[in-house]
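Note sheet for the following structure.
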Amino acid sequence: MPSTRALTAAAVVLAGALAGCGSDAEDSPDLGGSWTATLEPTATWNAVYPRGTGTAKVSSSDGTSVELTVTGLGPSVEYTAHVHDGECDEDPPGGGHWMSDPNGEDAAGNIIELTFTTSDTGVGDTTVSAPLMLDDRAESVVVHAPQALTDSEGLDADRVLCGDLEDG
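Count the sequence shown with mature numbering (1 follows the signal peptide of the UniProt record, and there is no 0) and you get residues -25 to -1, 1 to 143, in order.
As structure tokens, this is what we get:
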């Protein structure tokens, strides 16, 4: 039969171990913040838009706001952009769409999506606000080309620009 001292020591060790369960910062993602991303052409699109660039300013405190500006893209083209859950050096660049509920649908109401049409000189900008709160899974912003443009360029990937989110 274990001594009282051994049982007390075991209880202290067990209590300490249990206190750490569920309180790890990785288990509860940080919500909110401010980020910027400098968007550059992906390897697939670099030959098509070598001067393509952009900036995304993202803030998330009571919902999320994304302000996106791009230059050097195709004239009068409607593009979409999303916050993604991977970095730009991944394959594919930016990984998948960041989803508020990772187990939910990859659809409106669960993703941050922007749509904009470039001017006749390839410049575009837009701002979107969404009720979703970004967390530490948000890694990048990706601009996607429409399927018709991707096909006409003979490319198999629609990710035109990508920029990793940096604090600030």
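Glycine included, every Cβ here is placed at the ideal spot set by N, Cα and C. What you are looking at is a predicted structure, and each value in this text was computed from that prediction instead of being measured.
Leaving out five residues before and five after residue i in sequence, what residues of the same chain have Cβ atoms less than 6 Å from its Cβ?
i: D133; result: H119, A120, T125
i: D5; result: D111
i: L48; result: Y24, G27, T93, G97
i: V135; result: W20, V118, A120
Where does residue i fall in DSSP's three states?
i: A123; result: helix
i: G129; result: coil
i: D66; result: coil
i: I86; result: strand
i: E80; result: coil
i: S40; result: strand
i: T17; result: coil
Can you tell me whether residue i is buried or exposed? The criterion is at least 16 other CB atoms within 10 Å of its CB, across all chains shown.
i: residue 150; result: No answer is possible for residue 150: the residues shown for the chain start at -25 and end at 143.
i: E114; result: buried
i: D139; result: buried
i: A12; result: buried
i: P16; result: buried
i: S35; result: buried
i: A83; result: exposed
Can you name the residues that DSSP bridges to residue i?
i: R112; result: Bridge partners of R112: none, in fact.
i: L6; result: D110
i: P50; result: Answer is none; P50 lacks a bridge partner.
i: A105; result: T39
What does a CB cutoff of less than 7 Å around residue i pick up in its chain, not counting 5 residues either side in sequence?
i: C63; result: G69, S115, C137, G138, D139
i: D2; result: Note on D2: pLDDT 49, under 50, position unreliable in the model; the coordinate value appears next. Hits under 7 Å: none found.
Can a CB atom of chain D be found closer than 9 Å to the CB of residue i?
i: G71; result: Here chain D cannot be found, since the structure has a single protein chain.
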